[in-house]
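K.L.:
Numbering (the numbering used here), first residue to last: 175 to 615.
By construction, the Cβ of each residue, glycine as well, lies at the ideal position given by its N, Cα and C atoms.
Since this is a predicted model, take the numbers as computed values, not measurements.
Submitted below is the structure of interest, expressed as structure tokens.
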């Protein structure tokens with residue numbers, strides 16, 4: 175039987191009981207997946223070159239000649255906006271002596287030119303110039319030395335790349351997620367910040383931390399008065415999954431929670447959304463309304479002051495969160511007024527990763543796209559209350575993965591999106607599912 179979409183409330187014929195509460199048995203996962211250099215090498219060979227990954231936002235490359243280098247492990251993909259306005263992606267390696275064509279991010283390119291020996295290509299990857307070409311002999315053919323293409327596509331303001339030019343299309347990869355957030359009008363969001371920080375843990379430890387809300391009761395006590403972490407339906411597709419969360423009301427784990435406690439918790443964890451700061455008193459709740467109605471209207475007011483009209487968005491569309499997880503390494507958090515993207519990228523060893531964060535907000539209709547700069551912050555930089563609590567635990571989790579016993583971690587049926595990461599990883603790596611044992615097996 176079809177049920178209503180948890181955010182919009184609209185009937186969704188594809189949203190059925192069996193997918194909104196996935197039946198996934200608890201499992202045990204080998205800890206060596208998080209610590210083994212052999213396993214990391216398998217990921218580098220069999221998974222990263224063949225999976226769709228969020229590289230940047232369209233605000234990183236809004237104008238012709240803008241470029242962005244996406245790096246994950248030893249893999250480097252160059253995203254460039256051509257003089258025809260099209261986004262293209264290439265493996266960032268010169269066909270001559272393998273030098274990276276561009277590093278970091280920038281603008282103003284008129285061509286793609288290797289900094290080593292000055293070979294040059296058009297924005298479509300076609301070779302256009304080879305200094306001292308005659309030294310390569312009469313058999314040298316221009317068409318044999320173009321840049322190796324990668325796939326590139328966008329979902330709203332997010333730019334995805336897949337190093338495999340034969341990979342399935344992004345809409346097919348994302349499956350039902352492709353249209354699940356249509357209500358949000360994603361193209362109205364612009365990137366305000368792009369931040370990278372080192373994370374002292376395996377990339378899967380980082381990604382899994384943003385793939386379940388089972389941990390809210392443990393490390394985010396300030397959030398408990400603000401979220402129903404019990405009635406938060408989840409659904410899985412293949413490479414993607416989602417959890418729908420209601421904010422502005424207390425967790426059923428708590429008893430006798432007052433409106434003042436809900437207000438204080440919301441101010442502590444996301445006060446900027448509705449123009450409130452610590453110490454601000456509980457506002458008056460109009461007759462016939464709830465505190466969630468008050469929160470939603472304050473968000474509309476904050477957005478209106480920025481020139482953004484959110485009068486047509488419902489309380490649920492403003493106050494509920496859709497937390498999407500995309501295999502292998504991304505979490506996309508969509509509220510009515512903002513989007514947060516959290517990406518876990520592997521580091522130099524299985525014990526290191528990088529946490530990359532994009533923060534996007536709505537802009538007034540017709541606002542131009544402007545380039546967003548990447549910010550690399552040192553370890554220990556304050557990242558805000560909630561994200562800071564998540565990051566603080568990473569080093570201890572990774573250290574625990576190295577202990578001799580037990581040999582497996584345990585995941586419950588509440589952690590279905592984290593389990594789904596491993597199911598997909600097994601498929602890409604060609605690992606028998608029997609290595610991820612049922613609990614008690």
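Does the pairing of the region 331 to 346 with the region 281 to 299 give three or more beta-carbon distances under 8 Å?
P.N.:
No, because fewer than three Cβ pairs between the region 331 to 346 and the region 281 to 299 fall closer than 8 Å, the two stretches do not touch.
K.L.:
Taking all protein chains shown into account, do 16 or more other C-beta atoms lie within 10 angstroms of the C-beta of residue 310, making it buried, or fewer, making it exposed?
P.N.:
The residue is exposed, with fewer than 16 neighbouring Cβ atoms inside 10 Å.
K.L.:
Can you list, in chain order, the residues of its chain with a C-beta nearer than 7 Å to that of residue 567? Leave out the 5 residues immediately preceding and following it.
P.N.:
The answer, listed in chain order, is 393.
K.L.:
Please confirm if the region 296 to 305 is in contact with the region 496 to 506, defined as three or more CB-CB distances below 8 Å between the two stretches.
P.N.:
As far as the Cβ criterion goes, the region 296 to 305 does not touch the region 496 to 506, which means the pair count is below three.
K.L.:
Just the Cα atoms here: how many angstroms apart are residue 308 and residue 264?
P.N.:
Each residue's Cα considered, the two are about 26 Å apart.
K.L.:
Cβ atoms of residue 414 and residue 332: under 8 Å apart, would you say?
P.N.:
Contact: no.
K.L.:
Is DSSP giving residue 285 helix, strand or coil here?
P.N.:
The answer is coil: DSSP assigns residue 285 none of H, G, I, E or B.
K.L.:
For residue 582, list the residues DSSP reports as bridge partners.
P.N.:
For residue 582, which the question treats as bridged, DSSP gives the partners 204.
K.L.:
Is residue 538 helix, strand or coil by DSSP?
P.N.:
Correct three-state label for residue 538: coil.
K.L.:
Name the DSSP bridge partner or partners of residue 280?
P.N.:
BP columns for residue 280 point to 241.
K.L.:
For residue 187, which three-state DSSP category applies?
P.N.:
Confidence at residue 187 is low in this model, with a pLDDT of 47, below 50, so the placement of that residue should be treated as unreliable; the coordinate-derived value is given next. If DSSP states are grouped into helix, strand and coil, residue 187 belongs with the strands.
K.L.:
So with Cβ pairs under 8 Å, would you call residue 259 a contact of chain D?
P.N.:
No chain D is part of this structure, which consists of one protein chain only.
K.L.:
I'd like the span of the beta strand (DSSP E) that includes residue 518, first residue to last.
P.N.:
First-last of the beta strand (DSSP E) with residue 518: 512 to 520.
K.L.:
CB-CB under 6 Å to residue 365, same chain, minus the five flanking residues each way: which ones, in chain order?
P.N.:
Answer for residue 365: 231, 233, 532, 534 and 546, listed in chain order.
K.L.:
How long is the line joining the alpha carbons of residue 190 and residue 407, rounded to whole angstroms?
P.N.:
Because residue 190 carries a pLDDT of 40, less than 50, the predicted location of this residue cannot be relied on, and the following value inherits that uncertainty. Between residue 190 and residue 407, the C-alpha separation is close to 11 Å.
K.L.:
Identify, in the order they occur along the chain, each residue of the same chain with its Cβ nearer than 8 Å to the Cβ of residue 192, setting aside the five sequence neighbours on each side.
P.N.:
Here the model assigns residue 192 a pLDDT of 42, short of 50, so the residue's position is not dependable and the matter cannot be decided.
K.L.:
So the candidates are 250, 198 and 220; which of them puts its Cα closest to the Cα of residue 601?
P.N.:
Comparing Cα-Cα distances from residue 601 to each of 250, 198 and 220, the minimum goes to 220.
K.L.:
Anyone know if the C-beta pair for residue 494 and residue 572 falls short of 8 Å?
P.N.:
No, Cβ-Cβ distance for residue 494 and residue 572 is not below 8 Å.
K.L.:
Taking 7 Å as the cut-off, does the CB of residue 225 come closer than this to any heavy atom belonging to the ligand GDP?
P.N.:
Absence of the ligand GDP is noted for the structure shown, with no ligands found whatsoever.
K.L.:
Sorted by chain position, which residues of the same chain lie with C-beta nearer than 7 Å to residue 428's C-beta, five sequence neighbours on each side aside?
P.N.:
Within the same chain, residue 428 has close Cβ partners 398 and 399.
K.L.:
Buried or exposed for residue 489, going by 16 or more other Cβ atoms inside 10 Å?
P.N.:
Looking at its Cβ environment, which holds 16 or more other Cβ atoms inside 10 Å, residue 489 is buried.
K.L.:
Just reading off the beta strand (DSSP E) that residue 548 is part of, what are its end residues?
P.N.:
548 to 550 is the span of the beta strand (DSSP E), which, as asked, contains residue 548.
K.L.:
Considering only their Cβ atoms, is the gap separating residue 588 from residue 434 smaller than 8 Å?
P.N.:
Their beta carbons are not under 8 Å apart, which means residue 434 does not touch residue 588 by this criterion.
K.L.:
In the DSSP assignment, find the alpha helix (DSSP H) that holds residue 499 and state where it starts and stops.
P.N.:
Run containing residue 499: none in the alpha helix (DSSP H); it sits in the beta strand (DSSP E), 494 to 500.
K.L.:
Return the chain-ordered list of same chain residues with a C-beta closer than 6 Å to the C-beta of residue 549, the five sequence neighbours on each side being excluded.
P.N.:
Cβ within range, chain order: 369.
K.L.:
Could you have a look at residue 176 and say whether DSSP puts it in helix, strand or coil?
P.N.:
At residue 176, the pLDDT of 47 sits below 50, so the modelled position is not reliable and the matter cannot be decided from this model.
K.L.:
Is there contact between the region 574 to 584 and the region 199 to 214, where contact requires at least three CB pairs shorter than 8 Å?
P.N.:
Taking 8 Å as the limit for Cβ pairs, the verdict is that the region 199 to 214 does touch the region 574 to 584.
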